[in-house]
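Participant:
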Amino acid sequence: MKKPVELIDADRGQAAVAIHLVNKDGFESWAAKLTAGQRAALEAQKFDGSGYQVGIVPDGDSWFAVGGVANPENLSSWCMARLAEVLPEGTYRRANGEPGPALFGWQTGQYRFARYLEQKPAQGPRILLTKDAKGLDLARAEARAANLVRDMVNTPAEDMGPAALEAEAEKIAKKHKAALTVTAGERLEQEFPLVHAVGRAAARHHAPRMIRLEWGREGAPLVAIIGKGVTFDSGGLDIKPASGMLLMKKDMGGAAHAIALAGLIMETGLDIRLNLLVPAAENAISGSAFRPGDIFTSRKGLTVEIGNTDAEGRLLLADALARASEDAPDLIVDFATLTGAARVALGPDFPALMTRRDETAEALLAAGKTHDDTLWRLPLPEAYAEWLKTDIADINNSHTNGFAGASVAGLFLDRFVGKNPDGTPLDWAHIDTFAWQPMVRPGRPKGGAPLGLRAVFHMLRARYGG
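Read in order, the letters of the sequence shown correspond to residues 100 to 565 in the working numbering.
1) Can you give the Cα-Cα distance for A341 and S333, rounded to whole angstroms?
2) Which runs of the alpha helix (DSSP H), 4 residues or longer, sit entirely within the stretch 296-323?
3) In chain order, what residues of the same chain lie with their CB nearer than 6 Å to the CB of S176, ignoring the 5 residues before and after it?
4) Quick one: residues in its chain with C-beta nearer than 8 Å to the C-beta of V516, no 5 flanking neighbours on either side, listed in chain order?
5) How long is the line joining the alpha carbons of D231 and N195, rounded to whole angstroms?
6) If you reduce the DSSP assignment to three classes, tell me which class G234 lands in.
7) Which stretch, first to last residue, makes up the beta strand (DSSP E) that contains P378?
8) Tell me whether M538 is buried or exposed, calling it buried when 16 or more other Cβ atoms sit within 10 Å of its Cβ.
9) Determine the DSSP secondary structure at A201, reduced to helix, strand or coil.
10) Alpha carbon to alpha carbon, what distance is there between D429 and G315?
11) How many angstroms separate the CA atom of P103 from the CA atom of V168?
12) Go through its chain and collect everything with a Cβ distance to M100's Cβ below 7 Å, but skip five positions before and after it.
13) Provide the residue span of the beta strand (DSSP E) that contains T330, from first to last.
14) In or out: Q206 buried (at least 16 other Cβ within 10 Å) or exposed?
15) Pairing CB atoms from the stretch 366-376 with CB atoms from the stretch 300-313, are three or more of them under 8 Å?
16) Please state the DSSP three-state secondary structure of Y563.
17) Return the chain-ordered list of same chain residues with a C-beta closer than 7 Å to the C-beta of N170, the five sequence neighbours on each side being excluded.
18) Which residue wins for smallest C-alpha separation from K468, given the options V443, P450, R390 and I107?
19) Closest by CA to A323, which one among A410, V403 and L416?
20) Candidates A379, D350, L287 and S385: which alpha carbon is nearest G335's?
21) Locate the alpha helix (DSSP H) running through D272, then write down its first and last residues.
22) Based on Cα-Cα distance, which residue from A283, A441 and V116 lies nearest to L228?
23) Is it the case that the stretch 217-227 contacts the stretch 142-156, given that we only count it when at least three CB pairs across the two stretches are under 8 Å?
24) Of the residues G284, A319 and R111, which one's Cα is nearest the Cα of H304?
25) Does the structure place the stretch 132-145 close enough to the stretch 257-269 that three or more beta carbon pairs sit under 8 Å?
26) Would you mind reading off the limits of the beta strand (DSSP E) that contains R286?
27) How should S397 be labelled, buried or exposed, when 16 other C-beta atoms within 10 angstroms of its C-beta is the threshold for buried?
28) With which residues is Y191 paired in a DSSP beta bridge?
29) Does M100 come out as helix, strand or coil in the three-state DSSP assignment?
30) Counting only the same chain and skipping the five closest in sequence on each side, list residues whose C-beta sits under 7 Å from that of W295.
31) For E267 and chain B, any beta-carbon pair shorter than 7 Å?
32) So who's on the other strand from V403, going by DSSP bridges?
33) DSSP beta-bridge partners for G166?
34) Compare the beta carbon distance of L437 and G412 with 7 Å and say whether it is the shorter of the two.
35) One question on the structure: do P549 and F395 come within less than 7 Å of each other, judged by their Cβ atoms?
36) Please classify T280: is it buried, with 16 or more other beta-carbons within 10 angstroms of its beta-carbon, or exposed?
As structure tokens, this is what we get:
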């Protein structure tokens with residue numbers, strides 16, 4: 100298999116095309132230093148320094164590029180991404196200064212999902228040079244993780260079922276010498292009954308399972324990462340309309356984030372003991388599908404009445420949270436494409452963050468802001484937990500009044516998070532992500548999208564080192 104070309108590389112003085120970065124306010128003074136012919140070339144391209152503009156400037160027998168950015172002194176992850184998307188194949192370096200955060204978007208801007216195309220995209224690689232050796236390795240690792248999320252989410256459900264999620268986890272386990280265990284069949288029904296209930300209607304080759312990966316130094320802080328792995332969501336017997344199923348291959352986006360994050364943690368050597376849990380199931384329809392009104396006893400022992408079979412993702416997470424809690428980890432983070440309510444409230448770009456601990460919220464929000472991966476905190480109002488009460492079980496998996504759907508889903512999950520030996524609640528953060536980019540933006544192609552991945556990674560990196 101041909102090794103992919105690295106899109107960012109160490110600057111050893113090799114030949115490269117210069118990229119100048121300017122903004123609209125500074126464009127006139129910058130352009131005044133150019134020749135009349137060069138200014139005319141930019142005028143013909145209608146280049147004035149506005150954000151994401153790209154210009155080509157002749158320079159004798161050669162040429163250089165210019166990109167419009169908001170602030171050349173304070174680059175974002177995305178400000179050079181448009182350049183990476185449209186410039187000709189070749190090697191480039193920033194004319195003045197280092198790319199810094201823009202190394203990430205330079206790589207993700209060249210992502211293409213071509214697995215099912217007979218005619219593969221013909222664009223050649225654009226390689227950006229940097230003298231920041233430490234930043235180079237980290238930017239490469241982050242982009243690989245981000246693009247793994249994209250690949251997994253973009254893959255149709257027939258090729259990204261529970262077994263395929265297991266295979267992806269197995270790849271990173273082998274690469275980093277981690278321990279992988281998979282629970283399926285009768286053992287799954289006994290040990291993770293809610294996961295089994297959701298997935299039991301699926302075809303045999305998409306049978307449900309719990310995937311667990313363990314890695315790290317004994318004695319290091321234990322961190323549990325959980326990802327909802329609903330590989331296709333029909334809604335179950337409470338079936339979705341056809342339009343509601345069109346994107347449901349992405350309902351394993353939480354699992355994609357968790358697996359990619361686990362790989363990134365191991366690749367960068369964070370000093371933690373990692374416990375990755377991926378409950379994987381297809382929410383299908385058949386004679387054996389779980390039903391509205393059914394009651395199941397969860398791994399934690401709480402009985403759950405099924406108010407709606409389309410609120411299935413929280414059932415998978417409930418058993419995974421219970422299992423993670425049994426080891427009393429220092430931190431639990433779960434990723435899930437859980438509610439439409441979070442998207443109604445925040446749109447596609449901002450994953451909803453829920454946690455009981457202000458310091459954990461502040462750390463995640465700060466990491467997201469710094470690394471262009473913004474999270475937005477939603478509350479967990481205890482009064483709303485009343486809406487999940489039922490007369491015949493400990494809890495219902497849905498509520499009927501339509502209010503605060505994302506927060507109520509978080510309150511459901513909260514019931515399955517355990518306590519520390521001293522009786523205090525475990526440190527837990529829930530991230531309700533869309534995992535999808537509905538429109539093309541520089542560095543962010545349409546399709547599967549890592550939303551929350553870098554925020555969590557950099558929060559962990561700041562807290563635990565690496």
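Beta carbons: idealized from backbone N, C-alpha and C, even for Gly.
It should be emphasised that the depicted structure is a prediction, and the values quoted were computed from it without experimental measurement.
Facilitator: This is what the structure holds:
1) Cα-Cα distance, rounded: 9 Å.
2) The stretch 296-323 contains no whole alpha helix (DSSP H) run of 4 or more residues.
3) Same-chain partners within the cutoff: P200, F203, G204 and D471.
4) If we look at V516 and ignore the five residues flanking it on each side, its Cβ neighbours are L420, S424, I431, P524, L525 and W527.
5) Taken atom to atom, the span from the alpha-carbon of D231 to that of N195 is near 14 Å.
6) Note: G234 maps to helix in three-state DSSP.
7) DSSP places P378 inside the beta strand (DSSP E), whose first and last residues are R372 to N382.
8) By the neighbour-count definition (other C-beta atoms within 10 Å, threshold 16), M538 is an exposed residue.
9) Helix, per DSSP.
10) When rounded, the distance between both Cα atoms is 14 Å.
11) Their backbone Cα atoms lie some 29 Å apart in a straight line.
12) Its pLDDT being 43, under 50, M100 is placed unreliably in this model, and the coordinates cannot settle the point.
13) Residues G328 to D332.
14) By the Cβ neighbour-count rule, Q206 is buried, with 16 or more other Cβ atoms within 10 Å of its own.
15) They touch, by the three-pair rule.
16) Note: Y563 maps to helix in three-state DSSP.
17) The answer, listed in chain order, is N122.
18) The candidate whose alpha carbon is nearest that of K468 is P450.
19) Out of A410, V403 and L416, L416 has the C-alpha closest to the C-alpha of A323.
20) Nearest Cα to G335 within the set A379, D350, L287 and S385: S385.
21) Residue identity differs from the one stated: residue 272 is Ala in this sequence, not Asp. Following the DSSP letters along the chain, one finds A272 inside the alpha helix (DSSP H) bounded by residues P261 to K274.
22) The shortest C-alpha separation from L228 is found at V116.
23) When Cβ pairs closer than 8 Å are counted between the two stretches, the stretch 142-156 is seen not to touch the stretch 217-227, the count staying below three.
24) It is G284 whose Cα lies nearest to the Cα of H304.
25) In short, these stretches do not touch, since the Cβ pair count stays below three.
26) In the DSSP annotation of this structure, R286 is not part of any beta strand (DSSP E); the continuous alpha helix (DSSP H) holding it starts and ends at G284 to E290.
27) Buried, since its Cβ has 16 or more Cβ neighbours within 10 Å.
28) BP columns for Y191 point to V116 and L227.
29) The pLDDT assigned to M100 is 43, lower than 50, so where the model puts this residue is not dependable, and the model offers no usable value.
30) It is worth fixing the name first, because residue 295 is His in this sequence and not Trp. Once the five neighbours on either side are set aside, the close Cβ partners of H295 are L287, E288 and P307.
31) Of the protein chains in the structure, only one exists, and it is not chain B.
32) Secondary-structure assignment with DSSP links V403 through a beta bridge to F395 and I494.
33) DSSP lists L120 and V153 as the bridge partner or partners of G166.
34) Contact: yes.
35) Taking 7 Å as the cut-off, the beta carbon of P549 is found no closer than this to the beta carbon of F395.
36) Exposed, because fewer than 16 other Cβ atoms sit within 10 Å of the Cβ of T280.
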